[in-house]
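Chains Y and S, in that order, give the protein sequences.
Under my numbering, read the first sequence as residues 3 to 213, first letter to last.
Under my numbering, read the second sequence as residues 354 to 635, first letter to last.
Beta carbons are placed, not taken as given, at the ideal position from N, Cα and C, and that holds for glycine.
Since this is a predicted model, take the numbers as computed values, not measurements.
I have placed the structure first, in the form of structure tokens, so that the comments after it can refer back to it.
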Amino acid sequence: MTKSESYQYLDIRGKTHLVTKGLPIYGEQTKSGWRAWDPTRSKLGSVLAQDVDVGLSKNAKVLYLGAANGTTVSHVADVASIVYAVEFSPQPMRDLLNVARSRTNIIPLLKDARHPQTYSHIVESNLDLIIQDVATRGQVKIALDNKKFLSPTGKLFLIIKARSENVVTPPELIFKSSIEDLSKSYAILQTQKLTSHHKDHMAIVAEPLPQ
Amino acid sequence: MNEKDLEHAWFYQTNPEDTLSGAIAIEEGSCISPLSWPSMALEHGYATTPDEYYSRLYNSACEAAQKSALNLTQTPDRQISHAIRTMDDYSRIENELTARLSEWMGDYTGISQDLQTSIESIATNSNHSHFDAHILSLHNQLISLSDKREKLAHFIESEMPNIAPNLTQMAGPLLAARLISIAGSLEKLAKKPSGTLQVLGAENALFAHLRGRATSPKHGVIYTHEYISKTHPSLRGNIARAFSGKLSIAARIDYYSGTLNPELHSELLTKIDQIRSRGGSK
């Protein structure tokens with residue numbers, strides 16, 4: 003399952019798009035095997051479009067927490083060698099299974115990211131990247147509890163959704179305390195506010211600190 | 354390779370040729386910490402190449418995810434939620450079409466308000482215009498929609514005592530179904546605090562309150578029950594609190610045991626009498 007291509011920029015019909023190589027799945031624009039990664043539909047896509055290095059490299063082994071309908075997962079799978087896609091809710095899982103049909107390097111797991119022991123017998127250790135986009139309270143705790151899957155040189159790409167932590171606390175305060183709590187176990191490399199398509203979200207790129 | 358570690362692996366004791374046995378191990382297994390499962394699988398003889406390992410994992414994982422997703426969605430309380438939502442859709446569409454029909458009829462026959470009379474006048478009129486058929490067809494559609502809605506209501510009424518006996522006895526089948534549908538499932542409803550159950554269906558008002566822009570809502574959909582709607586407004590908050598308290602106990606009994614406990618309802622009735630006997634203030 004080695005990949006010859008990563009992601010890149012490409013002009014499609016006069017507009018520059020971030021693209022990955024693979025079969026289209028959600029009506030995205032395509033050009034000679036490449037398909038556009040819509041930043042309005044994917045938080046990871048929108049962060050990559052802002053030239054942030056999130057550690058998504060060719061042939062990476064990835065754990066994706068909060069896989070949802072598999073829109074972003076499909077692009078990650080175009081680049082990575084294997085994607086363990088954890089999703090808790092049965093309805094989006096149906097869509098994710100559809101996406102996995104055309105991408106056999108996606109391992110769909112109907113599991114709760116808050117309980118990594120329920121999938122530690124499946125997901126391997128020493129992964130290159132954890133992508134976390136989970137709409138629940140305790141997002142930082144999930145990142146800390148899932149650190150054991152990460153290789154010492156791996157990276158964490160974490161989306162903090164302020165509204166899921168608490169609807170009434172100002173997002174700025176939530177971001178600040180999230181970064182503080184995460185710093186106990188991870189070295190923060192970069193933080194990035196998301197564009198207007200994804201309100202009240204912050205992306206954090208981090209590396210695991212040695213225990 | 355440590356045998357003890359291997360025992361936790363999803364592929365330990367699964368037949369490589371049998372996708373289903375892998376799926377069951379994926380569903381039911383657990384482990385404290387992950388290990389290098391792929392290389393252990395090769396050593397253990399579960400697969401001969403990494404590609405073969407991942408391909409077997411893929412097949413079993415897809416099977417497991419599909420099966421467990423179906424198990425979660427195929428439950429009676431989920432079907433009842435769809436039934437009550439469909440019922441609500443029917444009545445919304447009925448209302449819209451009724452408004453359309455009476456507007457059209459008014460212009461066409463000059464008779465206002467009384468739909469039945471004007472429909473009959475069209476149906477019996479021997480001087481048919483080419484509009485008639487369409488107006489009558491719209492009318493028939495309305496009858497058919499209301500018929501479907503009533504059938505669904507009967508279905509919900511007959512199913513709910515099996516799905517949630519206590520909740521149904523207390524709230525009535527339609528409100529009980531509506532509470533389950535808003536919460537997402539009987540399990541989710543049973544796990545909500547009664548204060549949340551009290552304002553289910555009043556989310557906009559609740560969040561306006563949490564943001565400091567409004568007073569807290571007294572009740573959500575439970576308002577449709579006569580315990581609340583037929584109580585003096587100044588006492589509705591009290592009744593809503595007592596009602597939702599008992600409803601959440603009912604939901605918990607329904608979810609965890611499923612047997613009817615009639616005392617619960619009589620306790621509520623006593624409580625409601627007490628509150629109402631205070632009389633409403635001006």
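Inset, instruction - Using a Cβ-Cβ cut-off of less than 7 Å, give me the residues of the stretch 555–576 of chain S that come near chain Y, in sequence order. - result: Phe560, Leu563, Arg564
Inset, instruction - Sort out for me which residues DSSP pairs Y/Met204 with in a bridge. - result: Y/Ile162, Y/Lys195
- Query: Using a Cβ cut-off of 9 Å, which residues of the stretch 115–145 of chain Y contact any Cβ in chain S, in chain order?
  - Reply: His117, Pro118, Gln119, Thr120, Tyr121, Ser122, His123, Ile124, Val125, Glu126, Ser127, Asn128, Leu129
*Any residues in the stretch 379–403 of chain S with a beta carbon nearer than 7 Å to a beta carbon of chain Y? Which ones, in chain order?*
Ile379, Gly382, Ser383, Cys384, Ile385, Ser386, Pro387, Leu388, Ser389, Trp390, Pro391
**Asked** From which residue to which residue does the alpha helix (DSSP H) around Y/Val101 run?
**Response** 92–103
Is there a Cβ of chain Y sitting closer than 8 Å to that of S/Ser421, yes or no? yes
Check: Beta carbon of S/Pro518, beta carbon of S/Leu613: below 8 Å?
Finding: yes
Quiz prompt | Within chain S, the residues that Y/Ala208 reaches when beta carbons sit closer than 8 Å | solution = Going along chain S, no residue has its Cβ under 8 Å from Y/Ala208, so there is no contact; the nearest lies around 19 Å.
- Query: Which of the three DSSP states, helix, strand or coil, is assigned to S/Val574?
  - Reply: helix
Q) Quick one, which residues of the stretch 174–201 of chain Y are near chain S if we go by CB-CB under 9 Å, in chain order? A) none
Taking the beta carbon of Y/Gln174 as the centre, do at least 16 other beta carbons fall within 10 Å, making it buried, or is it exposed? In the sequence as presented, Gln is not what sits at residue 174 of chain Y; that position holds Glu. Answer is exposed; the Cβ neighbour count stays below 16.
Please list, in chain order, all residues of the same chain as S/Lys635 whose beta carbon is under 6 Å from its beta carbon, the five residues on each side excluded. Its pLDDT being 45, under 50, S/Lys635 is placed unreliably by the model, and the measurement read from it follows with that caveat. Closer than 6 Å at Cβ, skipping near neighbours: no residue.
**Message:** Taking the alpha-carbon of S/Glu356 as reference, which of S/Pro369, S/Trp390, S/Glu380 has the nearest alpha-carbon?
**Reply:** S/Trp390
Query raised in the report: chain Y beta carbons: is any one of them nearer than 8 Å to that of S/His435?
Result: no
Residues from the stretch 156–170 of chain Y in contact with chain S, defined by Cβ distance under 8 Å: Val169, Val170
Practice problem: Give a yes or no on contact between the stretch 509–516 of chain S and the stretch 525–533 of chain S, applying the rule of three or more CB pairs nearer than 8 Å. | Solution: yes
For S/Ala344, report the span of its beta strand (DSSP E) as first-last. The structure shown does not extend to residue 344 of chain S, since chain S spans only 354 to 635, so no value can be given for it.
Does Y/Arg37 come out as helix, strand or coil in the three-state DSSP assignment? strand
Inter-stretch contact (C-beta, 8 Å, three-pair minimum) for the stretch 559–569 of chain S and the stretch 596–609 of chain S:
no
Short Cβ contact (8 Å threshold) for Y/Val101 with Y/Gly72:
yes
Chain Y contact residues for S/Thr426, given Cβ-Cβ distances below 8 Å:
Pro92, Gln93
Next on the checklist: Run through chain S and tell me which residues come within less than 8 Å of Y/Pro154, C-beta to C-beta.
Outcome noted: Chain S residues near Y/Pro154: none, gap ~14 Å exceeds 8 Å.
Next item on the list: Could you check the C-alpha separation between Y/Ser59 and Y/Tyr121 for me, to the nearest Å?
Entry: 24 Å
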